[in-house]
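What follows is one structure encoded as structure tokens, with my remarks underneath.
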Amino acid sequence: MASRKLIKKADRVFSKYIRLRDSEDGFFICCSCGQRKPFEQADAGHFINRRWMALRYDERNVHAQCRSCNRFDEGNMVGYTRFMLKTYGEGIVDLLESMKTPYKWTDGELEILIKDWKDKL
1 MASRKLIKKA DRVFSKYIRL RDSEDGFFIC CSCGQRKPFE QADAGHFINR
51 RWMALRYDER NVHAQCRSCN RFDEGNMVGY TRFMLKTYGE GIVDLLESMK
101 TPYKWTDGEL EILIKDWKDK L
């Protein structure tokens, strides 16, 4: 089982990777409300809650989301669902829902993921 410290590090690096992946020229489009906002206002918003460790670092499950939608509108799930269907097609919601299973990352697995994300930055 991975240490809490390494999970926090993985969360930080993954968040930065996702926000940069989904931004261009210092701006991003929120996956839920569609507004264009400065990069500094981006969160890495999870479609399926990140407490489901099997999905926590799944790139299909996490996208740049404005802080308003992510933190104050419970993810704006109506808009996020619309985005998911448009981006990935009809089966994505059922696929991700089926992956809501307990999972325990190891330190080794997280170290590999962290290295991969850093290489992409």
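The opening position of the sequence shown corresponds to residue 1 in our numbering, with each subsequent residue numbered one higher. From the three backbone atoms N, C-alpha and C, an ideal C-beta is built for every residue, glycine too.
Using DSSP with H/G/I as helix, E/B as strand and the rest coil, what is residue i?
| i | result |
| --- | --- |
| Gln65 | strand |
| Lys37 | strand |
| Ser98 | helix |
| Gly45 | strand |
| Ser15 | helix |
| Glu90 | coil |
Quick check on the DSSP output: the beta strand (DSSP E) that includes residue i runs from which residue to which?
| i | result |
| --- | --- |
| Phe28 | Phe27 to Ile29 |
Does the Cβ-Cβ distance between residue i and residue j come in under 8 Å?
| i | j | result |
| --- | --- | --- |
| Phe28 | Lys16 | no |
| Phe14 | Trp117 | yes |
| Arg67 | Asp43 | yes |
Would you grab the beta carbon distance between residue i and residue j for me? Rounded to a whole angstrom, and I think it's under 8 Å.
| i | j | result |
| --- | --- | --- |
| Asn70 | Gly45 | 4 Å |
| Lys57 | Leu113 | Per the sequence presented here, residue 57 reads as Tyr, with Lys not at that position. Right, their Cβ atoms sit about 6 Å apart. |
Would you say the beta carbon of residue i is closer than 7 Å to some non-hydrogen atom of the ligand GDP?
| i | result |
| --- | --- |
| Arg56 | The ligand GDP is not part of the structure shown, which contains no ligands of any sort. |
Going by DSSP, what residue range makes up the alpha helix (DSSP H) through residue i?
| i | result |
| --- | --- |
| Glu74 | That residue, Glu74, is in no alpha helix (DSSP H); it is neither H nor E in DSSP. |
| Trp117 | Asp107 to Lys120 |
| Ala54 | Met53 to Arg56 |
- If you pair each beta-carbon of the stretch 59-74 with each one of the stretch 104-116, do three or more pairs fall below 8 Å? no
- Query: Is the stretch 31-51 touching the stretch 66-82, taking contact as three or more C-beta pairs under 8 Å?
  - Reply: yes
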